[in-house]
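Be aware that the sequence shown starts at 0, since it is given in numbering that gives the first Met the number 0, and climbs by one per residue. For each residue, glycine too, the CB sits at the ideal point set by N, CA and C. Data block below; observations after.
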Amino acid sequence: MSLDRREFLGSSVVTGAGVALAGGAPTAEAVEVREQGGRGHGHGHRRERYAFTVMGTTDLHGNVFNWDYAMDAEFDDAAHNDVGLAKISTLVTQVRQEKGRHNTLLIDAGDTIQGTQLAYYYAKVDPITDPDGPVHPMARAMNAVGYDAAALGNHEFNYGIPVLRKSEESCDFPLLGANAVDARSLRPAFRPYVLKRLRSPQGRVVTVAVLGLTNPGIAIWDKAHVQGKLAFPGLVEQAAKWVPKLRSMGADVVFVAAHSGMSGTSSYGDQLPYVENAAVLVAEQVPVKDTPILDFIAWVQAEVVRKALAGSAFASLPVLSQASCFSRTARVPEGDVTIRSIAALYPFDNTLEARVLTGAQLRAYLEFSARYYVRTPPGGGPVDPSKVTNADGIPDYHYDMVYGVSYEVDIAKPAGQRIGKLMFDGKPLDDAARFVLAVNNYRASGGGNFPHVAAAEQVWSTSDEIRNVMIGWVQETGEIDPAAFAAADWKLTRDGVPVF
Numbered sequence: 000m001s002l003d004r005r006e007f008l009g010s011s012v013v014t015g016a017g018v019a020l021a022g023g024a025p026t027a028e029a030v031e032v033r034e035q036g037g038r039g040h041g042h043g044h045r046r047e048r049y050a051f052t053v054m055g056t057t058d059l060h061g062n063v064f065n066w067d068y069a070m071d072a073e074f075d076d077a078a079h080n081d082v083g084l085a086k087i088s089t090l091v092t093q094v095r096q097e098k099g100r101h102n103t104l105l106i107d108a109g110d111t112i113q114g115t116q117l118a119y120y121y122a123k124v125d126p127i128t129d130p131d132g133p134v135h136p137m138a139r140a141m142n143a144v145g146y147d148a149a150a151l152g153n154h155e156f157n158y159g160i161p162v163l164r165k166s167e168e169s170c171d172f173p174l175l176g177a178n179a180v181d182a183r184s185l186r187p188a189f190r191p192y193v194l195k196r197l198r199s200p201q202g203r204v205v206t207v208a209v210l211g212l213t214n215p216g217i218a219i220w221d222k223a224h225v226q227g228k229l230a231f232p233g234l235v236e237q238a239a240k241w242v243p244k245l246r247s248m249g250a251d252v253v254f255v256a257a258h259s260g261m262s263g264t265s266s267y268g269d270q271l272p273y274v275e276n277a278a279v280l281v282a283e284q285v286p287v288k289d290t291p292i293l294d295f296i297a298w299v300q301a302e303v304v305r306k307a308l309a310g311s312a313f314a315s316l317p318v319l320s321q322a323s324c325f326s327r328t329a330r331v332p333e334g335d336v337t338i339r340s341i342a343a344l345y346p347f348d349n350t351l352e353a354r355v356l357t358g359a360q361l362r363a364y365l366e367f368s369a370r371y372y373v374r375t376p377p378g379g380g381p382v383d384p385s386k387v388t389n390a391d392g393i394p395d396y397h398y399d400m401v402y403g404v405s406y407e408v409d410i411a412k413p414a415g416q417r418i419g420k421l422m423f424d425g426k427p428l429d430d431a432a433r434f435v436l437a438v439n440n441y442r443a444s445g446g447g448n449f450p451h452v453a454a455a456e457q458v459w460s461t462s463d464e465i466r467n468v469m470i471g472w473v474q475e476t477g478e479i480d481p482a483a484f485a486a487a488d489w490k491l492t493r494d495g496v497p498v499f
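This is the structure in structure tokens:
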């Protein structure tokens with residue numbers, strides 16, 4: 000996630016809001032350096048121009064190498080992009096050779112210690128927080144590349160403050176977060192900035208300030224880790240506070256590394272336990288129709304919640320389940336099932352909760368989710384699946400399907416009026432009925448701004464990641480049989496006519 004907050008940037012400020020090396024060229028900045036006592040035309044100084052280069056990375060997400068842990072192969076996507084610090088190091092070395100090491104800065108804009116099975120391993124399996132724990136591989140790799148500073152990302156807090164602090168101890172560069180403050184004193188809990196001094200060919204010192212800002216949404220998304228400990232004031236507010244201070248401290252240029260979003264859109268790998276004779280689940284998880292993979296995730300969640308609520312005051316309520324499209328290519332092949340295959344279905348470290356919603360609230364929830372589709376008028380031939388999703392830049396992971404009810408999404412209608420034939424147990428959904436929704440903690444805490452769920456009553460939760468819940472369920476049951484859970488309960492229509 001990256002941000003370019005031009006609104007708070009003055010002429011003396013350079014924005015460095017997560018410019019990824021893989022996505023564009025480094026930023027070259029020129030500043031005027033004044034020398035006192037210059038000659039000519041009666042002026043008391045002369046000016047010279049000095050150019051330096053700022054390289055930026057963001058959202059490294061635990062990628063040291065260009066490797067896809069889920070596929071157990073070199074990373075590749077449709078655009079043939081590469082990932083990882085090893086690849087970045089090659090580019091950084093090239094730029095430093097061209098520009099001169101002393102004329103460059105390398106800044107990261109956050110989200111470094113979460114996102115791959117490698118990152119999970121060093122947070123949960125062989126944690127860096129143990130007394131004799133290892134050094135985090137991302138810190139070690141970033142030290143080797145030679146970063147000058149890094150801003151905090153929201154995912155830095157996913158494993159709790161102790162893991163973040165331990166990782167910070169291993170970094171040879173500062174982790175910056177001017178708007179990550181102590182909840183009581185409101186003083187910065189992390190270094191707000193760092194001053195880097197470069198020297199022009201004429202020997203003049205140029206002071207570059209790097210100000211780090213992180214995402215205020217951390218207070219919601221990682222509430223369990225930060226509530227009562229840290230607060231996260233607004234980015235614009237804190238930038239307006241710190242930029243003048245840095246200028247008064249002699250900064251010739253202020254570079255802002257901010258981790259946020261412009262559009263509102265950010266496991267294990269080893270073959271350990273096997274499950275015999277699993278049927279092929281699905282080759283692709285397509286967000287234009289109900290698929291067995293989405294059903295599998297939702298079904299396991301519902302089964303776990305139903306079992307957890309047995310004997311409670313909520314045991315009689317029907318259990319529905321939410322699932323998001325996290326990957327369009329994840330698959331569970333027929334035959335032996337590995338942890339890698341299951342982990343690939345759920346790449347995020349979300350945990351599971353149960354919240355109570357009414358039928359009317361559920362309808363509103365589904366309507367909000369259906370904004371994901373591009374409005375497509377009736378007629379005009381077949382619908383192109385590649386052009387009907389991600390309306391207004393909504394990412395795949397902000398589209399939710401709900402398992403346990405049936406419904407249609409009419410993409411010919413405007414957003415907010417698309418859900419039709421919403422049924423439960425073969426009957427039209429009763430708006431007054433109460434349901435338990437199995438939902439991930441990100442969504443339950445307000446991630447994506449889905450209506451009602453964040454304010455709904457929580458009746459159960461677990462600290463175990465959904466990924467591990469799924470792995471444990473497969474180990475316990477011994478097989479994955481789509482016949483037990485796969486059902487096309489929702490479909491896209493165009494003016495009432497099925498699209499696919």
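*Which of the three DSSP states, helix, strand or coil, is assigned to residue 106?*
Strand at residue 106.
_Taking the beta strand (DSSP E) that residue 99 belongs to, which residues open and close that run?_
Counted as a single uninterrupted DSSP element, the stretch harbouring residue 99 is not any beta strand (DSSP E), since DSSP gives it neither H nor E.
*Starting from residue 467, trace the alpha helix (DSSP H) both ways and give me its first and last residue.*
It spans 465-476 - the alpha helix (DSSP H) in which residue 467 sits, taken as one unbroken run.
*residue 117 in three-state terms, based on DSSP*: In this structure, residue 117 counts as helix in the three-state DSSP scheme.
*residue 66 bridges to which residues according to DSSP?*
For residue 66, which the question treats as bridged, DSSP gives the partners 73.
*CB-CB under 6 Å to residue 181, same chain, minus the five flanking residues each way: which ones, in chain order?*
Taken in chain order, the residues that qualify are 188.
*asked:* Between the alpha carbons of residue 347 and residue 114, how many angstroms are there, rounded?
replied: Straight through space, the alpha carbons of residue 114 and residue 347 are spaced by roughly 7 Å.
*Could you give the C-beta distance for residue 465 and residue 350, rounded to a whole number, given that I count them as a contact under 8 Å?*
In this structure residue 465 is in contact with residue 350, their Cβ atoms being roughly 6 Å apart against a cut-off of 8 Å.
*Using 10 angstroms around the beta-carbon of residue 291, count the other beta-carbons present and answer buried if the total reaches 16, otherwise exposed.*
Note on residue 291: 16 or more other CB atoms within 10 angstroms of its CB, so buried under the neighbour-count rule.
*Around the Cβ of residue 137, are there at least 16 other Cβ atoms within 10 angstroms (buried) or fewer (exposed)?*
Counting Cβ neighbours within 10 Å, residue 137 comes out buried, since at least 16 surround it.
*Which of the three DSSP states, helix, strand or coil, is assigned to residue 417?*
It is coil, neither helix nor strand.
*Assign residue 130 to one of two classes, buried (16 or more other C-beta atoms within 10 Å of its C-beta) or exposed (fewer than that).*
If you draw a 10 Å sphere on the C-beta of residue 130, you find fewer than 16 other C-beta atoms in it, and that means exposed.
*Out of 215, 251, 295, which has the shortest C-alpha to C-alpha gap to residue 156?*
Comparing Cα-Cα distances from residue 156 to each of 215, 251, 295, the minimum goes to 215.
*Tell me residue 323's beta-bridge partners as DSSP assigns them.*
BP columns for residue 323 point to 399.
*Kindly identify the DSSP beta-bridge partner or partners of residue 190.*
Secondary-structure assignment with DSSP links residue 190 through a beta bridge to 175.
*In terms of residue numbering, what span does the beta strand (DSSP E) encompassing residue 255 cover?*
252-257 is the extent of the beta strand (DSSP E) around residue 255.
*Hey, would you say residue 418 sits closer than 8 Å to residue 408, going by beta carbons?*
Cβ distance < 8 Å, so residue 418 and residue 408 count as in contact.
*asked:* Using the three-state DSSP reduction, which class does residue 49 fall into: helix, strand or coil?
replied: The three-state secondary structure of residue 49, taken from DSSP, is strand.
_So for residue 304, helix, strand or coil by DSSP?_
If DSSP states are grouped into helix, strand and coil, residue 304 belongs with the helices.
_Reference residue 444, options 432, 434, 457, 435, closest by Cα_ = Nearest C-alpha to residue 444: 457.
*Which residues mark the beginning and the end of the beta strand (DSSP E) in which residue 433 is found?*
Start and end: 433-439.
*Taking DSSP as the reference, what is the three-state secondary structure of residue 275?*
Residue confidence for residue 275 is low, a pLDDT of 29 falling below 50, so the modelled location carries little weight; the figure read from the coordinates is stated next. In the three-state reduction of the DSSP assignment, residue 275 falls in the coil class.
*asked:* Below 8 Å on the Cβ atoms is my contact criterion, and I expect residue 437 with residue 301 to pass it. Report the Cβ-Cβ distance as a whole number of Å.
replied: Between residue 437 and residue 301 the beta-carbon gap is near 5 Å, inside 8 Å, which marks them as a contact.
*Residues of its chain near residue 245, where Cβ-Cβ distance is below 7 Å and the 5 sequence neighbours each way are ignored*: The residues are 192, 208, 210, 253.
*Who are the Cβ neighbours of residue 60 in its own chain at under 6 Å, not counting the five residues just before and after it?*
For residue 60, where only same-chain residues beyond five positions count, the Cβ hits under 6 Å are 110, 114.
*Look up residue 5 in the DSSP assignment and say whether it is helix, strand or coil.*
Any answer about residue 5 is weak, because its pLDDT of 31 lies below 50 and its placement is not dependable; what the coordinates show is given next. The answer is helix: DSSP assigns residue 5 an H, G or I state.
*N- and C-terminal bounds of the alpha helix (DSSP H) containing residue 238*: 234-247 is the span of the alpha helix (DSSP H), which, as asked, contains residue 238.
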